[in-house]
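In our numbering, the protein residues as written are 6 to 379.
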């Protein structure tokens with residue numbers, strides 16, 4: 006059966022992007038021949054969004070993709086990212102990116118990982134990277150400006166300070182449990198400004214490898230214009246295509262089923278239910294588990310797993326680097342996990358052992374003192 010990717014408008018850019026985008030992070034791990042086979046199949050299926058960054062393999066991803074896309078520039082929406090915070094650093098990155106990608110312009114140029122207020126202030130300063138972005142757009146070297154981050158509320162701040170057309174933010178059923186402010190606050194704020202939204206990490210950096218179809222179907226149903234995935238083999242791409250090209254729309258029942266049955270959530274990850282069954286007002290409880298998720302994505306349940314699963318969790322749990330921020334927030338959070346243990350706690354609909362999880366969350370979040378699990 007022939008698979009053709011649907012397209013969606015990318016905010017107010019005037020661009021129509023394929024639902025599945027090709028992310029460049031993992032292209033540094035495979036040979037040029039493999040990348041070219043992946044690109045060929047992706048374009049054949051109607052894919053048209055290719056995104057990379059100068060920081061991926063110190064330019065190796067851009068170089069490989071530039072070779073694979075040679076002669077086909079007019080078929081794609083091409084994006085890359087710059088890490089430099091000053092005008093001169095960003096301008097140098099742009100010229101190097103254009104050379105490696107074998108093109109004379111970018112469709113989207115991203116500020117890469119505006120992670121905190123200091124990054125934002127440096128970027129927006131008179132001699133900051135923003136000056137280079139504006140000049141590049143004025144000269145036709147860049148059509149649209151984007152932003153990425155690893156801290157959700159920085160997207161809201163960036164959209165207030167910078168002329169953002171596109172936001173690249175993570176979206177998957179695991180991390181929406183850890184960063185509920187993304188669907189609840191960040192996405193509505195971006196949409197109010199007409200910003201296009203692309204989801205990265207639809208498989209949570211590979212953690213959802215057991216459930217690719219489930220993960221893509223969930224992400225497709227959220228408020229995003231496209232999903233950028235790091236497939237680096239034709240076999241992986243075919244799985245992603247099958248999910249994204251499915252003829253039936255995602256139903257509410259499917260979303261409920263994901264939250265109920267996803268093996269990665271199991272009987273440990275808090276789903277951030279709007280109608281919590283544990284407490285009449287579950288907001289305090291959900292806040293504790295949200296902060297726990299910002300420490301380690303709720304990946305450390307202190308339950309035995311096999312060696313490969315343990316290694317994967319250890320590699321991914323600190324990916325966003327938000328542990329210190331979560332611990333800072335916990336210091337002023339009331340009631341604390343310890344205090345919530347004194348409440349009358351009803352059973353969780355997902356079978357989570359709430360008292361045990363509260364003790365474990367406290368042990369992760371409290372900078373001094375620990376609680377025994379049993």
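All C-beta atoms in this analysis are idealised placements derived from N, C-alpha and C, irrespective of residue type, glycine included.
Nonlocal neighbours in the same chain, by C-beta distance under 8 Å from residue i, ignoring five residues either side
i	result
residue 304	212, 318, 321 and 322
residue 237	31, 32, 34, 35, 39, 40 and 43
residue 372	332 and 336
Proximity winner among the options, relative to residue i (alpha-carbon distances)
i	options	result
residue 302	331, 261, 96 and 286	331
residue 32	372, 61 and 26	61
residue 126	87, 163, 55 and 246	163
residue 328	256, 226 and 184	184
residue 333	343, 345, 297 and 285	297
residue 153	214, 141, 93 and 233	233
residue 169	196, 357 and 235	196
residue 70	55, 79, 352 and 63	55
residue 87	99, 251 and 80	99
residue 18	113, 48 and 363	113
residue 309	49, 72 and 273	273
residue 104	226, 48, 30 and 75	75
residue 166	26, 51 and 129	129
residue 116	131, 92, 316 and 107	92
residue 226	191, 16 and 256	256
residue 314	73, 151, 49 and 215	215
Limits of the beta strand (DSSP E) - the one that residue i falls within
i	result
residue 56	54–56
residue 119	That residue, residue 119, is in no beta strand (DSSP E); it is neither H nor E in DSSP.
residue 203	201–205
residue 14	12–14
Residues near residue i by beta carbon distance below 7 Å, same chain, minus five either side
i	result
residue 379	Per-residue confidence for residue 379 stands at a pLDDT of 46, beneath the threshold of 50, marking its modelled position as unreliable; no derived number is given.
residue 324	210
residue 220	177, 178, 207, 208 and 213
residue 285	none
residue 68	105
residue 132	91 and 92
residue 137	92, 95, 96 and 99
residue 83	55, 106, 108, 111 and 112
residue 11	24
Opposing strand residues paired with residue i [DSSP bridges]
i	result
residue 149	113
residue 324	Answer by DSSP bridge pairing: none, since residue 324 is not bridged.
residue 26	233
residue 85	114
residue 91	133
residue 21	14
Same chain, Cβ closer than 6 Å to residue i, five either side skipped, listed in chain order
i	result
residue 300	328, 331 and 369
residue 223	178 and 263
residue 218	248
residue 288	none
residue 89	95, 98 and 134
Range covered by the alpha helix (DSSP H) that runs through residue i
i	result
residue 47	37–49
residue 251	Premise fails: residue 251 is in no alpha helix (DSSP H) and is neither H nor E.
residue 223	217–225
residue 301	288–301
residue 342	342–345
residue 364	359–370
residue 265	257–266
Chain B contact for residue i (CB, 8 Å cutoff)
i	result
residue 201	Protein chains in the displayed structure number just one, and chain B is not present.
Length-filtered (4 minimum) alpha helix (DSSP H) runs lying within the region 133–199: 134–143, 158–166, 180–183 and 192–197
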